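Down below is the structure, laid out as structure tokens.
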Amino acid sequence: MPYQFNFNLTRISRSFFREIASIAHSKGMHKRIGEAARNLLEKFRIHEITGLDVSEALILLEDFIDIQMKNMIDRERFLKSRRRALLLPHCARKFMDGRCKASFEENIPSYRCSHCSPDCLVNQAATLGERRGYDIYILPGGSCIHQILKKERYGGIVGVACGQEIKLAEGLLEKVNIAGQAIPLIKNGCVNTRFDIQALKRIL
Ligand code: SF4
Ligand code: SF4
0 MPYQFNFNLT
10 RISRSFFREI
20 ASIAHSKGMH
30 KRIGEAARNL
40 LEKFRIHEIT
50 GLDVSEALIL
60 LEDFIDIQMK
70 NMIDRERFLK
80 SRRRALLLPH
90 CARKFMDGRC
100 KASFEENIPS
110 YRCSHCSPDC
120 LVNQAATLGE
130 RRGYDIYILP
140 GGSCIHQILK
150 KERYGGIVGV
160 ACGQEIKLAE
170 GLLEKVNIAG
180 QAIPLIKNGC
190 VNTRFDIQAL
200 KRIL
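Following numbering that gives the first Met the number 0, the numbering of the sequence shown begins with 0 at its first residue and continues without gaps.
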């Protein structure tokens with residue numbers, strides 16, 4: 000399920016995301032997260048740079064904080080997991096039309112990247128994951144996760160998607176006791192989306 004608004008955080012300073020991590024660390028220790036989140040939005044001029052209104056920016060920021068917290072909670076279990084998969088969103092492919100040379104495997108269902116474009120984010124992420132022994136899936140939608148988990152047993156899953164899709168998937172992983180780690184998109188819109196490849200590298 001996509002957000003009801005579009006956002007693009009690709010021009011926001013890296014330190015914004017570092018501060019999100021620090022808020023996530025302190026969440027639960029004090030009750031002033033709302034205030035901290037508002038201060039962060041002001042400090043990094045999120046409204047000015049992205050055009051988001053305050054309530055949209057807060058929804059987004061809260062999701063980022065929650066995802067970061069969940070990553071921290073699951074991290075140890077994830078590091079102990081043996082068989083792992085990397086789930087990538089089809090919307091981050093360089094091309095969404097016939098210029099994308101990925102094949103589509105309906106029985107999984109997932110795209111299989113043919114590495115046609117070195118500057119394609121999905122290609123870069125898939126290559127990273129393959130080198131580290133992950134099974135790679137490029138998903139046309141979040142509902143595919145259910146089908147994959149019916150066929151394959153994984154101990155850990157790394158997922159890249161927009162925050163709302165990640166939150167839906169977290170519930171599913173919890174039910175089947177799989178440790179998850181997630182990277183939220185920093186630009187949504189279901190086409191030409193972006194995520195932080197360096198953050199993915201660190202989490203893998
Ligand atoms: S590199 Fe892979 S995902 Fe990207 S456009 Fe080419 S085939 Fe599609
Ligand atoms: S932005 Fe990407 S991950 Fe999010 S709903 Fe759209 S297609 Fe799915």
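Don't be surprised by glycine CBs; every beta carbon is placed ideally from N, CA and C.
From a predicted model like this one, the values you see are computed outputs, not experimental measurements.
{"Item": "Same chain, Cβ closer than 7 Å to Cys143, five either side skipped, listed in chain order", "Value": "Pro108, Ser109"}
{"Item": "Alpha helix (DSSP H) segments (min. 4 residues) lying fully within the stretch 7-87", "Value": "13-25, 32-42, 45-49, 53-79"}
{"Item": "Distance, Arg17 Cα to Glu169 Cα", "Value": "22 Å"}
{"Item": "Check your reading: residues with Cβ closer than 6 Å to ligand 1 heavy atoms", "Value": "Arg92, Lys93, Phe94, Cys99, Lys100, Ala101, Cys112, Ser113, His114, Cys115, Ser116, Cys119, Val121, Asn122"}
{"Item": "Any non-hydrogen atom of ligand 4 closer than 7 Å to Gly158 Cβ", "Value": "Looking at this structure, you won't find ligand 4 anywhere; what it does contain is ligand 1 and ligand 2."}
{"Item": "Given 8 Å, three or more beta-carbon pairs between the stretch 149-163 and the stretch 70-88", "Value": "yes"}
{"Item": "Exposure label - Gln197; buried when at least 16 CB within 10 Å", "Value": "exposed"}
{"Item": "Length-filtered (3 minimum) beta strand (DSSP E) runs lying within the stretch 141-171", "Value": "155-160"}
{"Item": "Backbone secondary structure at Gln180 - three-state DSSP", "Value": "strand"}
{"Item": "Leu138 (DSSP reduced to helix, strand or coil)", "Value": "strand"}
{"Item": "Ligand 2 heavy atom lying under 7 Å from the CB of Cys143", "Value": "no"}
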